[in-house]
Amino acid sequence: MQDPRIGELAKQLVCYSTATKAGENVLVELFDVPEEIGIALIREIRAVEATPFINIHQSKISRELAMAATDDQYSTIAKHAMQQMKSMDCYIAIRGSHNANELSDVPDQKMQMLSTKMRPVLNERVNKTRWCVLRWPNSSMAQSAGMSTEAFEDFYFRVCLLDYKKLSEGMDALADLMTQTEEVHITGPGTDLRFSIKGLPGIACGGSHNIPDGECFTAPVKDSVQGTLSYNTGSIYRGIAFDNVKFEFKNGKIVSASANNTTAINDILDTDDGARFIGEFAIGFNPEIKEPMRDILFDEKIAGSFHFTPGQAYEVADNGNRSSVHWDLVNIQRPEYGGGEISFDGKVIRKDGQFIPKELQSLNY
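Final position of the sequence shown in this note's numbering is 377; the numbers increase by one with none missing.
Printed below as a string of structure tokens:
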């Protein structure tokens, strides 16, 4: 018997997250996930009289393809993927690989080439469709979260099926405050960071793009970032695990970067000119997500966190930075993680992970 929560999730993705309408085309990309969620999505898309299109991927096959990828090969792949994406109104992607490190031994130059070739397709999806991406629960994710498989599945559906509308008033207030703000100052252990967000809009995210969700984002003025930032949450990027990431900024650029794998992190930051500049600043506040699990889609929404993202800016909050990299690195500011403050125009708006202004307190965990 199928878990009824699968159908509930499919309906939320189609009817709420992407707000799919009759007559629209919806591309669903499935990466190592059970047939049941694909079938449920097809049925929900058809229920609103839209048309489903399905791409099915397997991580081991993707790795093998990438190991000896050629420029001509991925130019052709990207050309056809772009043609397909341009025909879509909505996009849903679900990733469920049991091995987050599956691509870790693909040569770095191959990963950079793939990222560069496919970035225009990703930009088309992000900027021109109504989209939502999410993970699928499995034992590997449960292990990363330090939970049993059953407990993690319960956690997964609880955070994914959260009533995001209840966050809307506080999210909108935070987005408005970001839009009105000029200068941001962030402090914490190993962190003293200043930058401007003047003229860039705050964007509230409540289940319409990522599931799970719960963040407001904008972007720093590209050349305004100054100071140091120490991230206290591990991350996996291009199949490589990173811990103890620390950046030093001067005039917006990451001029020094270190981590447990300093060589690998600098290789990523040297992918292109934009990879050493920041494309996104976001504040996370999902009340159901408290601990990191090396999964960006979950970790960037952690209650009491923020992320500061090297690479590509989003078109809706565009500081002009362009890159094939977009890496949401996370810092948690709750007391048990060392605390910290975020100030807007000299006024502390969040201390030790808790919002201070009355209009934002509904977002506190």
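Positions of the beta carbon are idealized from the N, C-alpha and C atoms, including for glycine. Here the structure is a predicted model, which means the values were calculated and not measured.
Which of helix, strand or coil does DSSP assign to residue i?
i: residue 335; result: coil
i: residue 298; result: strand
i: residue 221; result: coil
i: residue 278; result: helix
i: residue 270; result: strand
i: residue 307; result: coil
i: residue 48; result: helix
i: residue 88; result: helix
i: residue 241; result: strand
i: residue 209; result: coil
i: residue 178; result: helix
i: residue 261; result: strand
i: residue 368; result: coil
Where DSSP assigns a beta bridge to residue i, which residues make up the other side?
i: residue 39; result: 65, 103
i: residue 354; result: 198, 362
i: residue 142; result: 102
i: residue 216; result: 228
i: residue 349; result: Residue 349 pairs with nothing; no bridge assigned.
i: residue 152; result: In DSSP, residue 152 forms no bridge with anything.
i: residue 319; result: 294, 342
i: residue 253; result: 248
i: residue 147; result: 107
i: residue 203; result: 200
Would you mind sorting residue i into buried or exposed? The rule is 16 or more other CB atoms within 10 Å of its CB.
i: residue 294; result: buried
i: residue 362; result: buried
i: residue 247; result: buried
i: residue 137; result: buried
i: residue 66; result: exposed
i: residue 225; result: buried
i: residue 72; result: exposed
i: residue 158; result: exposed
i: residue 237; result: buried
i: residue 328; result: exposed
i: residue 304; result: buried
i: residue 208; result: buried
Look at residue i and residue j and say whether their C-beta atoms are less than 8 Å apart.
i: residue 240; j: residue 281; result: no
i: residue 266; j: residue 347; result: no
i: residue 40; j: residue 21; result: no
i: residue 219; j: residue 377; result: no
i: residue 298; j: residue 314; result: yes
i: residue 42; j: residue 18; result: no
Cβ contact (3+ pairs, closer than 8 Å) linking the region 155-171 and the region 344-359: The region 155-171 vs the region 344-359: no contact.
Exercise. Determine, using beta-carbon pairs with one atom in the region 184-197 and one in the region 140-149, whether at least three such pairs fall under 8 Å.
Key: No, the region 184-197 is not in contact with the region 140-149.
State whether the region 119-134 contacts the region 334-351, with contact taken as three or more CB pairs (one from each stretch) at a distance under 8 Å. Because the criterion of three Cβ pairs below 8 Å is met, the region 119-134 and the region 334-351 touch.
Would you be able to state if there are at least three C-beta pairs under 8 Å between the region 205-217 and the region 187-195? Yes, the region 187-195 is in contact with the region 205-217.
### Three-pair Cβ contact test at 8 Å for the region 250-259 versus the region 192-201
No: the two stretches stay apart, fewer than three of their Cβ pairs being nearer than 8 Å.
- Query: Taking one C-beta from the region 119-129 and one from the region 83-94 each time, how about it: are there three or more such pairs within less than 8 Å?
  - Reply: The region 119-129 vs the region 83-94: in contact.
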